[in-house]
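Chemist: Numbering (the working numbering), first residue to last: 83 to 361.
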Ligand SMILES: Cc1cc2nc3c(=O)[nH]c(=O)nc-3n(C[C@H](O)[C@H](O)[C@H](O)COP(=O)(O)OP(=O)(O)OC[C@H]3O[C@@H](n4cnc5c(N)ncnc54)[C@H](O)[C@@H]3O)c2cc1C
Ligand code: FES
């Protein structure tokens, strides 16, 4: 069950550019939060901006009752959060949403991230490590400056494959190119299972790659969210499950944000909205 709390910022780490790691106290998020789940949070206690914003849980510390977020400051809500100083308050509801599904014992978990989509995969790497499973993380951005969350993965000894569109760091090209190169080499011998979080075109590309290669894949969608609890319908996405004759709108906040990639009706796909609606 999500818990609503007034929380305080206990630590702020400024990474490069607009990227910050923020640590808050919230006992329930710290103990119950799972990789792929998120919180709705806003800085301060005033009504401005009126709506909280969604952020994936980056890391949890149950012993201290704390959790972390990786935030890219891009607008009013994120800038206000990143301007908080330790000791200052925020309003936080969580944990929310459906987490990623654990891989089977014979599957190699490949975590594919674009930009701030890297956030859930630090927690996921730790969850898998606790079960004796090592994940490989593919972390892509347009430039090296966008890959600001490398250090915690290195510190945890998580295999990390970097890629940049401009070739300034790691594999030159899209993150899906780095992933394909790994798959073409045979991976680590286990059956690959893909997990992806990032911008929609990247998620769509991962879903298409998984379909081509017959791989299981889950994607964490990133729609606009107003409430986080299924009441505003601002976050609906088109989903068509295996038993359904046509797509239905589903709330990404309560039924996602993690979905089976084969169930998502991607804009412009052969199985697109119009096709789904006609079936
Ligand atoms: C489930 C989920 C998890 C998320 N996790 C993280 C995270 O770990 N770290 C992080 O930095 N961000 C994350 N986001 C995105 C974050 O919620 C938005 O960046 C934030 O809501 C922007 O709020 P703002 O007030 O700063 O910007 P606004 O002033 O509301 O918007 C600024 C600009 O960003 C665009 N924008 C706003 N929200 C989104 C969105 N969801 N996707 C694409 N463009 C958007 C707006 O259209 C506008 O152009 C997540 C979003 C979702 C749905
Ligand atoms: S964000 Fe309001 S219904 Fe999902």
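Where a beta carbon is used, it is the ideal one built from N, C-alpha and C, also for glycine.
1. Can you find a heavy atom of ligand 1 that lies under 6 Å from the Cβ of residue 158?
2. Taking all protein chains shown into account, decide if residue 348 is buried (16 or more other Cβ within 10 angstroms of its Cβ) or exposed.
3. Are the beta-carbon atoms belonging to residue 201 and residue 138 less than 7 Å from one another?
4. Here's the rule: buried if 16 or more other CB atoms are within 10 angstroms of the residue's CB, otherwise exposed. What is residue 360?
5. Assuming residue 107 contacts residue 90 under a Cβ cut-off of 8 Å, what Cβ separation, rounded to an integer in Å, is found between them?
6. Assuming residue 51 contacts residue 135 under a Cβ cut-off of 8 Å, what Cβ separation, rounded to an integer in Å, is found between them?
7. Of all residues in the structure, which have a C-beta closer than 7 Å to any heavy atom of ligand 2, taken in chain order?
8. Buried or exposed: which applies to residue 122, given that a residue is buried once 16 or more other Cβ atoms fall within 10 Å of its Cβ?
9. Classify residue 266 as helix, strand or coil using the three-state DSSP reduction.
10. Measuring only the C-alpha atoms, how far is residue 356 from residue 346?
11. For residue 315, does the count of other Cβ atoms within 10 angstroms reach 16, so buried, or fall short, so exposed?
12. Using only the alpha-carbon positions, how far apart do residue 105 and residue 142 sit?
13. Where does residue 250 sit, in a helix, a strand or coil, going by DSSP?
14. I'd like to confirm the pairing. Which residues does DSSP put opposite residue 139 in its beta bridges?
15. DSSP state of residue 358, grouped into three classes?
16. State buried or exposed for residue 128, treating a residue as buried only when at least 16 other CB atoms are found within 10 Å of its CB.
17. Secondary structure at residue 245, three-state DSSP: helix, strand or coil?
18. Can you give me the Cβ contacts of residue 240 inside the same chain, cut-off strictly under 7 Å, excluding the 5 residues immediately before and after it?
19. DSSP three-state call for residue 353: helix, strand or coil?
20. Can you have a look at residue 132 and say buried or exposed, based on whether 16 or more other CB atoms are within 10 angstroms of its CB?
Modeler: To lay it out plainly:
1. Checking every heavy atom of ligand 1 against the Cβ of residue 158, one is found closer than 6 Å.
2. It counts as buried.
3. Result yes, Cβ atoms of residue 201 and residue 138 sit closer than 7 Å.
4. Confidence in residue 360 is poor, its pLDDT being 31 and thus under 50, which makes the residue's placement unreliable; the coordinate value appears in the next sentence. Here residue 360 is exposed. Its C-beta has fewer than 16 other C-beta atoms within 10 Å.
5. About 6 Å separates the beta carbons of residue 107 and residue 90, which is inside the 8 Å limit, making them a contact pair.
6. Because the chain in this structure spans residues 83 to 361, residue 51 falls outside the shown range and cannot be described.
7. Spelled out in chain order, the answer is 307, 308, 309, 310, 311, 312, 313, 314, 315, 316, 317, 333, 334, 335 and 336.
8. Per the 10 Å Cβ criterion, buried.
9. Judged by DSSP in its simplified three-state form, residue 266 adopts helix.
10. At residue 356, the pLDDT of 37 sits below 50, so the modelled position is not reliable; the number obtained from the coordinates is stated separately. Straight-line Cα distance between these residues: approximately 13 Å.
11. With a 10 Å radius around the Cβ and a threshold of 16 neighbouring Cβ atoms, residue 315 comes out exposed.
12. Each residue's Cα considered, the two are about 9 Å apart.
13. Annotated three-state conformation of residue 250 is coil, per DSSP.
14. Under DSSP, no beta-bridge partner is assigned to residue 139.
15. For residue 358, the predicted structure reports a pLDDT of 37, less than 50, and the residue's modelled location is therefore unreliable. The matter cannot be settled from this model.
16. Answer is exposed; the Cβ neighbour count stays below 16.
17. In the structure shown, residue 245 adopts extended strand secondary structure according to DSSP, grouped into three states.
18. For residue 240, where only same-chain residues beyond five positions count, the Cβ hits under 7 Å are 207, 217 and 219.
19. Because residue 353 carries a pLDDT of 48, less than 50, the predicted location of this residue cannot be relied on, and no value is offered for it.
20. A residue is called buried when at least 16 other Cβ atoms come within 10 angstroms of its Cβ; residue 132 does not meet this threshold and is exposed.
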